[in-house]
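**Q** Numbering (the numbering used here), first residue to last: 1125 to 1442. Ideal placement from N, C-alpha and C gives every residue a C-beta, glycine not left out. Predicted model, so just to flag it, every value in this text is computed and none were measured.
#1: Under three-state DSSP, which class holds residue 1351?
#2: Just mark residue 1423 as buried or exposed, buried being the case when its beta carbon has 16 or more other beta carbons within 10 Å.
#3: Since residue 1266 and residue 1400 are thought to touch, with beta carbons under 8 Å apart, how far apart are those beta carbons, to the nearest angstrom?
#4: Excluding five sequence neighbours on each side, which residues of the same chain lie with their C-beta closer than 6 Å to the C-beta of residue 1169?
#5: Thinking residue 1316 and residue 1360 are a contact (beta carbons under 8 Å), I'd like their distance in whole angstroms, please.
#6: For the stretch 1236-1302, which segments carrying the beta strand (DSSP E) assignment without a break, of at least 3 residues, lie completely within its bounds, in sequence order?
#7: Pick out whichever of 1137, 1166, 1365 has its Cα sitting closest to the Cα of residue 1271.
#8: Using the DSSP secondary-structure output, state which residues sit across from residue 1361 in a beta bridge.
#9: Find out if the Cβ-Cβ distance for the pair residue 1431, residue 1381 is shorter than 8 Å.
#10: How close, in whole Å, do the beta carbons of residue 1224 and residue 1397 come, if the pair is a contact with beta carbons under 8 Å?
#11: Would you report the Cα separation of residue 1441 and residue 1199, rounded to the nearest angstrom?
#12: Along the chain, where does the alpha helix (DSSP H) that runs through residue 1412 open and close?
#13: Out of curiosity, what's the CA-to-CA distance linking residue 1171 and residue 1212?
#14: Assess, as a yes-or-no matter, whether the stretch 1280-1288 is touched by the stretch 1331-1345 under the definition of 3 or more beta carbon pairs within less than 8 Å.
#15: Can you tell me whether DSSP reads residue 1386 as helix, strand or coil?
#16: Taking the C-alpha atoms as reference points, what is the distance between residue 1383 and residue 1247?
#17: Rounded to a whole number of angstroms, what is the C-alpha to C-alpha distance between residue 1176 and residue 1141?
#18: Taking residue 1342 as the reference, which of 1319, 1427, 1150, 1323 has the closest Cα?
#19: With 16 other CB atoms within 10 Å as the buried threshold, where does residue 1154 fall?
#20: Are residue 1356 and residue 1294 touching if we call contact CB-CB under 8 Å?
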């Protein structure tokens, strides 16, 4: 059974006969007759009857017409939907992206959106986590990826994954050190950390205070690039999430040890300002970003990441 046969048959029924359908489709009547005849032979029943008063539809033909019309309508809907998504969706989509995630995610997001929706232009606002949060609260971005979500107002969160924090230190041996490290053991290590506006720093200090320890922060730097270079040079160690330092681990420059007793973890969320409704372009971009996050965990690029069940909550309920 061919799609063109369904189209010709439905047109004959809709137009009330072969002559009118021939004009409507701009197809010769013999071609219409041949396609309908082939269709009837395949179905083993008569669909149309030609008589002196015109063309009539048999009971079997009316039943088949209902199925054929439904199929054609679904195909039209699917075609329109795909054209809308792949060709007609245009404009800028602004994503707030903390610099600690940008190195791992930025290129993936831009490339995948461009491949699936060429008319959409992704604009990344990368900065510190709290700056990304401020951008979302002010409605300057369509949506963002955040971990430090507790203090934001008028923002809806979609938790995607749980991530552990790691202790990163210059690699001294040929083989990497991968064993976990107790949180209390960090107090003897000189650290390079951002200031207390950054969630990782606050989280680390609060947990160390709870166990009666004290951090040895020798250098306070806001630039992730500076922190990375100092750790790579062996000036100090740091505590960060995996994406912030993962390339240095893969290149053999640093060791990465998961912190335990107690462990340090946080939830990474997609966040949308409540007063800025997602456009169609932003919505499809949002779904692509969510799939990228899940894929990075599934393929092992986000070590110790754990995918969470999909649930949407606001700031007050987090």
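**A** By the coordinates alone:
#1: Here residue 1351 refers to the residue found at position 227 of the chain shown. In this structure, residue 1351 counts as helix in the three-state DSSP scheme.
#2: Residue numbering aside, residue 1423 sits at position 299 when the chain shown is read from its first letter. When all chains shown are included, residue 1423 counts as exposed.
#3: Position 142 of the chain shown, counted from the first residue, corresponds to residue 1266. Position 276 of the chain shown, counted from the first residue, corresponds to residue 1400. Their Cβ separation, rounded to whole angstroms, is 7 Å, which keeps residue 1266 and residue 1400 in contact under 8 Å.
#4: Taking the chain shown and counting its residues from 1, one reaches residue 1169 at position 45. Hits under 6 Å: 1184.
#5: Within the chain shown, numbered from 1, the residue matching residue 1316 stands at position 192. Within the chain shown, numbered from 1, the residue matching residue 1360 stands at position 236. Residue 1316 to residue 1360, Cβ: 4 Å. Contact.
#6: 1244-1251, 1267-1270, 1279-1294
#7: To locate residue 1271, count along the chain shown from 1; it is residue 147. Residue 1365 is the option with its Cα nearest to residue 1271.
#8: On the chain shown, position 237 is the one that residue 1361 refers to. 1315.
#9: In the chain shown, the residue the question calls residue 1431 occupies position 307. In the chain shown, the residue the question calls residue 1381 occupies position 257. Result no, Cβ atoms of residue 1431 and residue 1381 do not sit closer than 8 Å.
#10: Position 100 of the chain shown, counted from the start, is the residue given in the question as residue 1224. Position 273 of the chain shown, counted from the start, is the residue given in the question as residue 1397. With a Cβ gap of about 21 Å, residue 1224 and residue 1397 do not count as contacting.
#11: Start at 1 with the first residue of the chain shown, and residue 1441 comes out as number 317. Start at 1 with the first residue of the chain shown, and residue 1199 comes out as number 75. Note that residue 1441 scores 33 on pLDDT, short of 50, meaning its location in the model is unreliable; the coordinates nonetheless yield the value given after this. For residue 1441 and residue 1199, the distance between alpha carbons rounds to 42 Å.
#12: Residue 1412 sits at position 288 when you count from the first residue of the chain shown. Note, residue 1412: alpha helix (DSSP H), 1404-1422.
#13: Taking the first residue of the chain shown as 1, we reach residue 1171 at position 47. Taking the first residue of the chain shown as 1, we reach residue 1212 at position 88. Looking at the two C-alpha atoms, the distance is approximately 39 Å.
#14: no
#15: Numbered from 1 along the chain shown, position 262 holds the residue referred to as residue 1386. In this structure, residue 1386 counts as coil in the three-state DSSP scheme.
#16: Here residue 1383 corresponds to residue number 259 of the chain shown, with the count starting at 1. Here residue 1247 corresponds to residue number 123 of the chain shown, with the count starting at 1. In a straight line, the C-alpha of residue 1383 is about 34 Å away from that of residue 1247.
#17: As a first step, residue 1176 is located in the chain shown; it is residue number 52 there, counting from the start. As a first step, residue 1141 is located in the chain shown; it is residue number 17 there, counting from the start. Rounded to whole angstroms, residue 1176 to residue 1141 spans 12 Å at the Cα level.
#18: Numbered from 1 along the chain shown, position 218 holds the residue referred to as residue 1342. Among 1319, 1427, 1150, 1323, the Cα nearest to that of residue 1342 is on 1319.
#19: Start at 1 with the first residue of the chain shown, and residue 1154 comes out as number 30. The residue in question, residue 1154, is exposed, as its Cβ has fewer than 16 Cβ neighbours within 10 Å.
#20: Residue 1356 sits at position 232 when you count from the first residue of the chain shown. Residue 1294 sits at position 170 when you count from the first residue of the chain shown. Yes, they are a contact pair.
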